[in-house]
Structures are given as C-alpha cells and as structure tokens.
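Here's the structure, in structure tokens; my notes come after.
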Amino acid sequence: MILRLWSGWTEPALADAYDRLLTQDIAPAILARRVDGLRELRVLRRSPQELDPAEGSEFLTAMTFTDFAAVSAFTGGDPSASVVPPAARDLLGRFDRQSRHYVSRAVFRADDGQPPGVG
C-alpha cells in the first residue's frame with residue numbers, strides 16, 4: 011500500500027472557503043473518477059492556533075493507493091506531481107509542488123496491538 015501526502019496552506023480568512031471547496035467539491039470529484047487502486051482519501055486541517063497565525067491553516071490530504079501504477083493513473087503520469095485544480099490555487103497561499111509517498115510496512119490497530127494477519 012502506498013500513502014500519498016500533500017499539503018496546502020491558506021491565509022486565515024480563506025481557510026473555511028478552502029475547507030468547503032476541498033471537502034464538498036474536490037475530494038468527491040476525485041472519488042467520482044473511480045481511479046483503479048485508490049483506496050482512501052482523508053482531508054485533515056490544522057487550525058491557526060496550532061501554527062503561527064501568519065502561516066494560516068494547513069490542509070493535508072492523505073490518500074492510499076494499492077501501488078505506484080495507481081498513483082500514476084491518478085496524476086496522469088508523474089506519480090510525484092501535485093494535482094491542484096485552478097479553484098484551489100486561487101485560495102491557497104502556497105502548496106506542495108510534489109507529493110510525498112511512503113510504502114506501508116505495517117499497520118497496528120488499537121484493538122489488538124498486532125499487525126493484520128499476526129496472532
């Protein structure tokens with residue numbers, strides 16, 4: 011499993027508007043594409059109280075894919091390329107130009123303390 015992480019930052023005054031755009035338009039549109047191998051898309055937000063208020067709010071998307079071929083299908087070729095629609099660019103002060111990828115090595119669940127398939 012591949013974890014793809016991408017971050018974007020807004021000015022404080024634009025954070026709620028970007029939050030709505032991301033959760034109501036962009037994320038559903040990504041899922042509607044039915045990219046083979048895309049398993050999950052999470053949207054996370056850090057509020058200005060947790061950051062320097064001058065930085066605004068940080069938004070993190072965490073996507074899981076079955077493999078790098080699925081990531082490439084999502085991006086249209088280059089797996090590290092950011093996918094940032096024009097409407098999002100209008101609200102973001104800055105964003106990652108490339109996404110970060112991690113290969114999942116183990117998953118531990120609070121209910122049993124063991125990775126899947128162990129114990």
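Residues are numbered in my numbering as their position in the sequence shown, beginning at 1, plus a constant of 10. Note that CB positions come from ideal geometry on N, CA and C, so glycine has one too.
A distance below 7 Å between beta-carbons, with the five flanking residues on each side excluded, links I40 to the following residues of its chain, in chain order: L51. A straight-line Cα-Cα distance of about 26 Å links G103 and G87. Exposed is the label assigned to A23, since fewer than 16 other Cβ atoms lie within 10 Å of its Cβ.
Excluding the 5 residues flanking it on each side, V113 has same chain C-beta neighbours closer than 7 Å at I12, in chain order. Take A79, set aside five residues on each side of it, and no residue of its chain has a beta-carbon closer than 6 Å to its own.
Nearest neighbour of A37 by Cα position, chosen from A120, L70, A25, turns out to be L70. In the assembly as shown, R30 is an exposed residue. Its beta-carbon has fewer than 16 other beta-carbons within 10 Å. With distances taken between CA atoms, L54 lies nearest to M73 out of R43, M73, S90.
As a beta-bridge residue in DSSP terms, I12 pairs with F75, V113. From the listed residues R107, D100, H111, the smallest Cα separation to E21 is found for D100. Contact check for L15 against R115 fails: the beta carbons are separated by 7 Å or more.
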